[in-house]
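Numbering (the numbering used here), first residue to last: 3 to 262. Ideal Cβ placement from N, Cα and C applies to all residues, glycine included. Being a predicted model, the structure only gives us computed values, none of them experimental.
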Ligand SMILES: NC(=O)c1ccc[n+]([C@@H]2O[C@H](COP(=O)([O-])OP(=O)(O)OC[C@H]3O[C@@H](n4cnc5c(N)ncnc54)[C@H](OP(=O)(O)O)[C@@H]3O)[C@@H](O)[C@H]2O)c1
């Protein structure tokens, strides 16, 4: 069902974690993929990893050093995609960062950085990409389980992610006449490099896992499978929706008490 032959997908934040694994899925399904990120060395490592598992992928993969919060760099990447592959079908607006602090500690600089990358950058990526996309394409945005539940210290991060649920619903209407679908995906606790960057202790890692009914963190490829589905024509009648991929975290309170 999932076939990306002759389709071109841009994945922002595609050099690591869930974006990287989604790139792998789409390449394996025959598609052309452009992955972006701010760090050239990480992009080059990602390319080696993707080509290692699929030698033919080298001809269908492009890396682009691009900061999603820099509009010129976003437009350059979209134009380079069309120049290289001659078409743009899908966009996975996945690049994002997390800043988690008590309310009193969040600075104006933190605010601007989070909004510029997680919301403003994502919004203008979609605005600039939509006119270049072929009719019948798909857009997917990475939201978060924290858009669905309150989490201490995640106030502004969660707000940037919650905004995407609204964007999916409204843009689904605006893009429907061109049969462009737009959805979001809300990962739960997924073990990716972003988690190492926030320097979570082993104890905190285990406490988080204990909140999940499946009692473990998810892997990037478990989200990538769902992301590839939503970007593919297998999801041809799904638009304006959010798919939570979280081992049951949002849907159920993992109560471990005795008799009640
Ligand atoms: N891991 C989780 O538990 C979890 C849960 C819910 C939601 N999410 C969301 O999932 C998305 C992917 O995160 P991940 O966990 O896969 O993290 P990751 O492994 O750290 O990957 C993040 C990717 O985004 C890129 N990136 C960051 N800022 C960027 C920018 N300004 N412009 C372009 N690329 C940028 C990074 O590359 P560079 O740093 O080189 O730019 C990297 O390729 C994020 O939106 C995150 O908020 C994660």
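Check: 3-residue-minimum beta strand (DSSP E) runs that sit fully inside the stretch 189 to 251, ordered along the chain; Outcome: 244 to 247
Check: Three-state secondary structure (DSSP) of residue 134; Outcome: helix
Check: Closer than 7 Å: residue 20 CB and nearest ligand 1 heavy atom; Outcome: yes
Check: beta-carbon residue 249 near ligand 1 non-hydrogen atom, thresh 7 Å; Outcome: no
Check: Nearest-angstrom Cα separation, counted from residue 229 out to residue 186; Outcome: 9 Å
Check: Inside the stretch 47 to 135 only - alpha helix (DSSP H) runs reaching at least 4 residues; Outcome: 73 to 87, 110 to 116 and 124 to 131
Check: Contact test: residue 97 Cβ vs ligand 1 heavy atom, cutoff 7 Å; Outcome: yes
Check: Classification of residue 248 by the beta-carbon crowding that lies within 10 angstroms, buried from 16 upward; Outcome: buried
Check: Spatial neighbours of residue 211 in its chain, beta-carbon cut-off 8 Å, leaving aside the 5 residues before and after; Outcome: 191, 217, 218 and 219
Check: Within 8 Å, strictly: CB atoms of residue 48 and residue 65; Outcome: yes
Check: Any non-hydrogen atom of ligand 1 closer than 7 Å to residue 68 Cβ; Outcome: yes
Check: Between the CA atoms of residue 253 and residue 188 - distance to the nearest angstrom; Outcome: 12 Å
Check: Rounded C-alpha distance that separates residue 213 from residue 115; Outcome: 29 Å
Check: Cβ contact (3+ pairs, closer than 8 Å) linking the stretch 120 to 133 and the stretch 40 to 60; Outcome: no
Check: Sheet register partners of residue 179 (DSSP bridge); Outcome: None, per the DSSP bridge assignment.
Check: Buried versus exposed, by CB contacts within 10 Å (16 or more), residue 21; Outcome: buried
Check: Nearest residue (CA-CA) to residue 95, options 202, 208, 76 and 258; Outcome: 76
Check: Option in 84, 41 and 69 with minimal Cα separation from residue 62; Outcome: 84
Check: Minimum Cβ-Cβ distance from residue 147 to chain C less than 8 Å; Outcome: Here there is only one protein chain, and chain C is not present.
Check: Buried or exposed by the 16-neighbour rule on C-beta atoms within 10 Å, applied to residue 110; Outcome: exposed
Check: Alpha-carbon spacing of residue 226 relative to residue 101, whole angstroms; Outcome: 23 Å
Check: Outcome for residue 258 when other beta-carbon atoms lying within 10 angstroms are tallied against a minimum of 16; Outcome: exposed
Check: Segment limits, beta strand (DSSP E) that includes residue 315; Outcome: Since the first residue shown for the chain is 3 and the last is 262, residue 315 is missing from the structure and cannot be characterised.
Check: Cβ pair count under 8 Å reaching 3, the stretch 174 to 186 against the stretch 138 to 147; Outcome: yes
Check: Backbone CA spacing between residue 239 and residue 93 [nearest angstrom]; Outcome: 17 Å
Check: Closer than 7 Å: residue 11 CB and nearest ligand 1 heavy atom; Outcome: no
Check: Residues bridged to residue 38 (per DSSP); Outcome: 66
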